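K.L.:
Chains as they are written, first to last, in my numbering: chain C, 581 to 835; chain H, 71 to 464; chain Z, 248 to 487.
Got a structure for you, questions after.
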Amino acid sequence: MTKVYKYTLVDLARNRFVLAFAVLMLVLAEGLFRIEGDAMKAMLSLVQVTLALVPLVTLVFTIVYSYDTQEFTQLLAVQPIRRSAILAGRLAAIATAVLMALAFGLGLPLLVHLPGMVSLLLFAANALLVLVFVALGTLLALTQRDKARGVGIGLVTWFLFVLVYDALLMALMFALSDRPIEPWVVPLAALNPIDLARIAVMLRVDLAAMMGYSGAVYQRFFGSAQGILLALGLMVLWAAWPALVAFRVFRRKDL
Amino acid sequence: MLSARTWSVVAGKGEGLVATIARAQARDTIVIEGMVREGNVTVDKPLVLIGRPGAGIDGERKGEVLTVTSGDVVVQGLVIRGTRISNLDDNAGIKVKEARRIALLNNRLEGCFFAIYLSGVSDARVEGNTIVGENLREEQMGNGIHLWKCKEVRVLRNTVERHRDGIYFEFVTDSRIEGNLSRGNMRYGLHFMFSHRDAYADNHFEDNGAGVAVMFSHHIDMQRNRFIRNRGGSAYGLLLKEINDGEIRDNVFTDNTTALLVDGCNRIKAMGNTFLLNGWALRLYANSMTCTFEANVFQGNTFDMSTNGELLLNTIVGNYWDRYTGYDLDRDGRGDVPYRPLGFFALLVERVPFAMVFSRSLFVALLDRAERIIPTLSPEAMRDDRPLMRRPHG
Amino acid sequence: MDSVVFEGIGKRYRSLWALRGVDAAFRQGEVVMVIGPNGSGKTTLIKCLLGLVRPSEGTVRVNGQLVGSDPAYRQRIGYMPQISQFPPALTIGQLLEMMRDIRGLDAETVDDTLVGALGLDRQLEKRLSTLSGGTCQKVSAVLAFRSRPSILVMDEPTAGLDPLSARTVLDQAAALRSNGGTVLITSHLLEEVETLADRVAYIEDGRLRFLLPVKEILQRSGATRLAQALPVMLSNSATP
Chain C
581 MTKVYKYTLV DLARNRFVLA FAVLMLVLAE GLFRIEGDAM KAMLSLVQVT
631 LALVPLVTLV FTIVYSYDTQ EFTQLLAVQP IRRSAILAGR LAAIATAVLM
681 ALAFGLGLPL LVHLPGMVSL LLFAANALLV LVFVALGTLL ALTQRDKARG
731 VGIGLVTWFL FVLVYDALLM ALMFALSDRP IEPWVVPLAA LNPIDLARIA
781 VMLRVDLAAM MGYSGAVYQR FFGSAQGILL ALGLMVLWAA WPALVAFRVF
831 RRKDL
Chain H
71 MLSARTWSVV AGKGEGLVAT IARAQARDTI VIEGMVREGN VTVDKPLVLI
121 GRPGAGIDGE RKGEVLTVTS GDVVVQGLVI RGTRISNLDD NAGIKVKEAR
171 RIALLNNRLE GCFFAIYLSG VSDARVEGNT IVGENLREEQ MGNGIHLWKC
221 KEVRVLRNTV ERHRDGIYFE FVTDSRIEGN LSRGNMRYGL HFMFSHRDAY
271 ADNHFEDNGA GVAVMFSHHI DMQRNRFIRN RGGSAYGLLL KEINDGEIRD
321 NVFTDNTTAL LVDGCNRIKA MGNTFLLNGW ALRLYANSMT CTFEANVFQG
371 NTFDMSTNGE LLLNTIVGNY WDRYTGYDLD RDGRGDVPYR PLGFFALLVE
421 RVPFAMVFSR SLFVALLDRA ERIIPTLSPE AMRDDRPLMR RPHG
Chain Z
248 MDSVVFEGIG KRYRSLWALR GVDAAFRQGE VVMVIGPNGS GKTTLIKCLL
298 GLVRPSEGTV RVNGQLVGSD PAYRQRIGYM PQISQFPPAL TIGQLLEMMR
348 DIRGLDAETV DDTLVGALGL DRQLEKRLST LSGGTCQKVS AVLAFRSRPS
398 ILVMDEPTAG LDPLSARTVL DQAAALRSNG GTVLITSHLL EEVETLADRV
448 AYIEDGRLRF LLPVKEILQR SGATRLAQAL PVMLSNSATP
């Protein structure tokens, strides 16, 4: 696994897409900090932008890269190593490459302009999103033979998570407004990794407002660091399950 | 008449404080050394009580520690502790009753039920005292500086921590409260009712259970105060209830659940205040009228504004809103399109509190943006026609 | 001695059998040419041997060892695929290093004959993204021989190669045979390999129609070249 990881990473270190992502993030973050003048305001804009952009870029990149390296993956699978080692090495390498781009493009500006808990949290949430969407992208590429179809499903997945899911959830909330649906809202939101990332950041950024919430159901969840840790923990699960399924699929897949 | 004498009271020696007071004449000075263990000490004549460093009075929980019933009394540099905790009578570290020309200076009051308690006092100065309560349950805790039916009192540069209310006024008029630090109190950092023509300036209220509440008063002047980190379901940076004719100027509100709540007020002028990183910067209830909000800074708040109905006759103009995305073609520093501080999301959360979960969601941001461009839900009057393009200095 | 044995191999994709009832044994010291129309199942058969495809039924043994979850048997297999996409940012040298590393071989034990013979030794610093299709084929060939395999699988080895390089690669395969290796080659170009092949396996519609020595095929059909012999053989519906 470490060998596959090492050389895949060497390859990815010069990948144009990864480099472009790093530069794009840097220009975006640095630009926001400079244009807004106020670091906190720039940070709040970054919350909105990155939580949408990072999953999109990660997902599309992972899917495209997986298809583009199909032939080579086949060659690797003929070597006397386990399939799981190949997949683990590749997953880790892709995640590392995107995370390094993220550290350079987002982490660096955050560190320079607004070092502190909120920045750390935003970076952690985005980093976990990278893991989630590398896993999801890999799984998608493994289960769809056709590249265009794979990318298409990836885009739909992203759109679902980033926008449609919240819209549906809110519609549901209104439709059932006369019933006690309150306890269901957060668990339902937790089914969406982007919502989890957003909630983790929000619980800190909007802490003052959160503490004004008087309902009994989420009092503890909203008001404390526990909620943040729980949200981040659930994101780890969100990265784990597609990865585990991907291992299962890849182990038995005909290449 | 003999000129004023100076008496010395040393803890554990001589005849003690109560006896010395009894023998002293008006205008005499008593200098105290060490911790005197005597409770229920009453000063019933004009005296100056001064403590040497480390000197003080321990009331040994018998009742009040020091009671002043005469005018022209100075209590300075004493450590005061050991009140009895009882809800039947409001025992205090220093209680002053029905007196004029009182000065309580640079004392330290530790673990008192009530710390400084002025009742029916006028022309008094409470300055430089440090007041630290004990961490007890609310019913076992009195207020730090408690004034009842007083006038012309100056409360200056005191520090109050861990009491029920840090500073409490009821029927206190024509007074000045300046430069105090009130933090970590169980209920309010500052709490006053029926107290007119008072000025509050340069005070710092931080991390109090419910923030600052002022009610049923008129002609209030609040300037350059800081209201910080008052968080909770019913915590307010500053709660104004039925206040008429007040000026709220150049204050800073940071990290409060609700920074400023205006409930049933008239002719309030809020100008030059900074609202930073609060949950709700301004909650303006519909029962308020002819209030003016001008040249304030709204930045990084989860919600800039909310209300509970139709707003009439209030003026919101020329503020800086960090969410404002309009343009300024005529370059006069004011946006050419109005800003509507009440977003879709604020309205939604007002009705469905747990919709808070959707804060910062892309979908909500889009709806919010749409609502600001084509308002369908927010009250027509709720808008700033001349929003500032740039944040004013500072 | 048999080095590769297929027993009742079948592979089904959904309801379609790509391969069915294949029994075949390949020996040490022989070159077998696997031919058949496009989509006949020859690639699937090879993939079953390489562990890329799991057979739906039957077993494959390599040197007596069952092909399954243990990847160790592939230590002895060299594979030359038709490949056009290597990791683009790696150089040829890095790729060779990577594959050697992955196979757990020492730098001294690998066979670098082809690196020089195909002229790659002057291009080791070249990035894989800049290579022509022919050079990719050369790299693929080098990788197949480099670990000194006893079983060599080549998929259209001469496609895209210049005649001289093709000759070099086939000569190397012949040398491997003389050293007791088993060589399986799929190809469309009958002329090119008929001189090299000892036996021919013909697959059609997922079935092994025959696996016969070249000589016997020519004898039975009375032809001098394989290209003429095959139609005769197939119309006779010969069986192995």
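Glycine included, C-beta positions come from ideal geometry on N, C-alpha and C.
The structure presented is a predicted model; accordingly, all values stated were derived computationally and were not measured.
Between the segment 258-266 of chain Z and the segment 410-427 of chain Z, do at least 3 Cβ pairs fall closer than 8 Å?
P.N.:
Too few Cβ pairs lie closer than 8 Å, so no.
K.L.:
Answer with buried or exposed for Z:T382, where buried requires no fewer than 16 other C-beta atoms within 10 angstroms of its C-beta.
P.N.:
Within the third sequence, the letter at position 135 stands for residue 382 of chain Z. Per the 10 Å Cβ criterion, buried.
K.L.:
Interface residues of chain H around C:V765 at Cβ under 9 Å?
P.N.:
Position 185 of the first sequence, counted from the start, is the residue given in the question as residue 765 of chain C. Ordered by position in chain H, the residues that pass the 9 Å Cβ test against C:V765 are F424, A425, V427 and F428.
K.L.:
Along chain C, in chain order, which residues have C-beta atoms closer than 7 Å to that of H:R301?
P.N.:
The residue given as residue 301 of chain H occupies position 231 in the second sequence. Simply A788 and M791.
K.L.:
Does the beta carbon of C:A668 come closer than 7 Å to any beta carbon on chain Z?
P.N.:
Residue mapping note: residue 668 of chain C aligns to position 88 of the first sequence, counting from 1. It does not; no Cβ of chain Z falls within 7 Å.
K.L.:
Answer with yes or no whether the minimum CB distance from Z:L437 to chain C is below 7 Å.
P.N.:
By one-based count along the third sequence, residue 437 of chain Z stands at place 190. No, its Cβ sits nowhere closer than 7 Å to a Cβ of chain C.
K.L.:
Would you say the segment 215-228 of chain H touches the segment 189-207 of chain H, given that touching needs at least three Cβ pairs under 8 Å?
P.N.:
Cβ pair count under 8 Å is three or more, so yes.
K.L.:
Would you say H:P457 and H:Y409 are within 7 Å of each other, going by their C-beta atoms?
P.N.:
For the purposes of this step, residue 457 of chain H is taken as the residue at position 387 of the second sequence. For the purposes of this step, residue 409 of chain H is taken as the residue at position 339 of the second sequence. Yes.
K.L.:
Can you tell me the Cα-Cα spacing of C:A777 and Z:V386, whole angstroms?
P.N.:
Position 197 of the first sequence, counted from the start, is the residue given in the question as residue 777 of chain C. Position 139 of the third sequence, counted from the start, is the residue given in the question as residue 386 of chain Z. C-alpha separation (whole angstroms): 45 Å.
K.L.:
Whether or not the segment 340-352 of chain H and the segment 437-453 of chain H are in contact is what I'm after, with contact meaning three or more pairs of Cβ atoms, one per stretch, closer than 8 Å; do they touch?
P.N.:
The segment 437-453 of chain H, when compared against the segment 340-352 of chain H, does not touch it at the 8 Å Cβ threshold.
K.L.:
Do you know how far the Cα of H:Q146 is from the Cα of H:N176?
P.N.:
Along the second sequence, read from residue 1 onward, the residue named residue 176 of chain H stands at position 106. Along the second sequence, read from residue 1 onward, the residue named residue 146 of chain H stands at position 76. Rounded to the nearest angstrom, the two C-alpha atoms are 6 Å apart.
K.L.:
Could you compute how far the alpha carbon of H:D315 sits from the alpha carbon of H:M341?
P.N.:
Here residue 315 of chain H corresponds to residue number 245 of the second sequence, with the count starting at 1. Here residue 341 of chain H corresponds to residue number 271 of the second sequence, with the count starting at 1. Each residue's alpha carbon lies about 13 Å from the other.
K.L.:
Show which residues of chain H have a CB atom less than 9 Å away from the CB atom of C:D618.
P.N.:
Taking the first sequence and counting its residues from 1, one reaches residue 618 of chain C at position 38. Ordered by position in chain H, the residues that pass the 9 Å Cβ test against C:D618 are Q369, G370, D392 and R461.
K.L.:
Do the CB positions of Z:G283 and Z:E451 come within less than 7 Å of each other?
P.N.:
Here residue 283 of chain Z refers to the residue found at position 36 when the third sequence is read from its first residue. Here residue 451 of chain Z refers to the residue found at position 204 when the third sequence is read from its first residue. Contact flag set, yes.
K.L.:
First and last residue of the alpha helix (DSSP H) that includes Z:C295?
P.N.:
Residue 295 of chain Z sits at position 48 when you count from the first residue of the third sequence. Where Z:C295 is concerned, the enclosing alpha helix (DSSP H) stretches over K289 to L297.
K.L.:
Considering only the alpha carbon of each residue, which of H:N295, H:Y258, H:V427 and H:L136 lies closest to H:A283?
P.N.:
Counting from one through the second sequence, the residue named residue 283 of chain H turns up at place 213. The shortest C-alpha separation from H:A283 is found at H:Y258.
K.L.:
Looking at chain Z, is there any beta carbon in it that lies within less than 7 Å of the beta carbon of C:K583?
P.N.:
Locating residue 583 of chain C in the first sequence gives position 3, where the first residue counts as 1. Answer yes: the Cβ-Cβ gap between C:K583 and chain Z drops below 7 Å somewhere.
K.L.:
Using only the alpha-carbon positions, how far apart do Z:A485 and Z:E254 sit?
P.N.:
Locating residue 485 of chain Z in the third sequence gives position 238, counting from the first residue. Locating residue 254 of chain Z in the third sequence gives position 7, counting from the first residue. Bear in mind that a pLDDT of 46 at Z:A485, under 50, signals an unreliable position, so the number given afterwards is only what the model happens to contain. Computed Cα separation, rounded: 20 Å.
K.L.:
Check the Cβ-Cβ distances between H:L310 and every residue of chain C, and say whether any is below 7 Å.
P.N.:
For this step, residue 310 of chain H is matched to residue 240 along the second sequence. Chain C contact via Cβ: absent.
K.L.:
What residues in its chain sit with their C-beta under 7 Å from that of C:V712, if we drop five residues either side in the sequence?
P.N.:
Position 132 of the first sequence holds residue 712 of chain C. Contacts found: P773, M815, W818 and A819.
K.L.:
Can you list, in chain order, the stretches of the beta strand (DSSP E) that have 3 or more residues and sit fully within the segment 410-438 of chain Z?
P.N.:
With a minimum length of 3 residues, the continuous beta strand (DSSP E) runs that stay inside the segment 410-438 of chain Z are 429-433.
K.L.:
Are the CB atoms of C:E762 and H:F424 nearer to each other than 7 Å?
P.N.:
Here residue 762 of chain C refers to the residue found at position 182 when the first sequence is read from its first residue. Here residue 424 of chain H refers to the residue found at position 354 when the second sequence is read from its first residue. In contact: C:E762 and H:F424 (Cβ atoms closer than 7 Å).
K.L.:
So if DSSP puts H:E312 in a beta bridge, which residue, or which two residues, is it bridged to?
P.N.:
To locate residue 312 of chain H, count along the second sequence from 1; it is residue 242. DSSP, once it has assigned bridges, lists no residue as partnering H:E312.
K.L.:
Could you check whether H:K221 and H:D244 sit closer than 7 Å to each other, using their CB atoms as the reference points?
P.N.:
Here residue 244 of chain H refers to the residue found at position 174 of the second sequence. Here residue 221 of chain H refers to the residue found at position 151 of the second sequence. Closer than 7 Å, so yes.
K.L.:
If you measure from the beta carbon of H:A435 to each beta carbon in chain C, is any gap under 7 Å?
P.N.:
Counting from one through the second sequence, the residue named residue 435 of chain H turns up at place 365. It does; some Cβ of chain C falls within 7 Å.
K.L.:
Would you mind stating whether Z:Y326 and C:V584 have Cβ atoms separated by less than 7 Å?
P.N.:
Translated into the one-based positions of the third sequence, residue 326 of chain Z becomes position 79. Translated into the one-based positions of the first sequence, residue 584 of chain C becomes position 4. No. Outside cutoff.
K.L.:
Measuring straight from C-alpha to C-alpha, what distance separates H:V223 and H:A89?
P.N.:
Your numbering for residue 223 of chain H matches position 153 in the second sequence. Your numbering for residue 89 of chain H matches position 19 in the second sequence. Their Cα atoms are separated by approximately 30 Å.
K.L.:
For C:T588 and Z:M248, what's the separation of their Cα atoms in angstroms?
P.N.:
The count along the first sequence starts at 1 and reaches residue 588 of chain C at position 8. The count along the third sequence starts at 1 and reaches residue 248 of chain Z at position 1. Rounded to whole angstroms, C:T588 to Z:M248 spans 39 Å at the Cα level.
K.L.:
Can you tell me the Cβ-Cβ gap for H:F433 and C:L743, rounded? I've got them flagged as a contact below 8 Å.
P.N.:
Residue mapping note: residue 433 of chain H aligns to position 363 of the second sequence, counting from 1. Residue mapping note: residue 743 of chain C aligns to position 163 of the first sequence, counting from 1. Confirmed, Cβ separation roughly 5 Å.
K.L.:
Taking only beta-carbon atoms, is C:L835 less than 7 Å away from chain A?
P.N.:
Looking at the structure shown, chain A is missing, and the protein chains on hand are C, H and Z.
K.L.:
Contact defined as beta carbons within less than 8 Å: I believe C:G685 pairs with C:A602. What is the distance between those atoms, to the nearest angstrom?
P.N.:
Numbered from 1 along the first sequence, position 105 holds the residue referred to as residue 685 of chain C. Numbered from 1 along the first sequence, position 22 holds the residue referred to as residue 602 of chain C. 5 Å between Cβ atoms; contact.
K.L.:
Quick check: what's the CA-CA separation for Z:S287 versus H:L436?
P.N.:
Indexing the third sequence from 1 puts residue 287 of chain Z at position 40. Indexing the second sequence from 1 puts residue 436 of chain H at position 366. Whole-angstrom Cα-Cα distance: 55 Å.
K.L.:
Only counting runs of 4 or more residues, tell me where the alpha helix (DSSP H) segments fall wholly within the segment 627-705 of chain C, in order along the chain.
P.N.:
Counting whole runs of 4 or more residues, the segment 627-705 of chain C contains the alpha helix (DSSP H) stretches 650-657, 663-682 and 688-693.
K.L.:
Mapping DSSP to helix, strand and coil, what is C:Q806?
P.N.:
Walking along the first sequence from the start, residue 806 of chain C turns up at place 226. The answer is helix: DSSP assigns C:Q806 an H, G or I state.
K.L.:
Residues of chain H with a CB under 7 Å from the CB of C:A769: which are they?
P.N.:
The count along the first sequence starts at 1 and reaches residue 769 of chain C at position 189. By Cβ distance, chain H contributes V427.
K.L.:
C:A715 to C:S646, Cα distance in whole Å?
P.N.:
Start at 1 with the first residue of the first sequence, and residue 715 of chain C comes out as number 135. Start at 1 with the first residue of the first sequence, and residue 646 of chain C comes out as number 66. Rounded to the nearest angstrom, the two C-alpha atoms are 11 Å apart.
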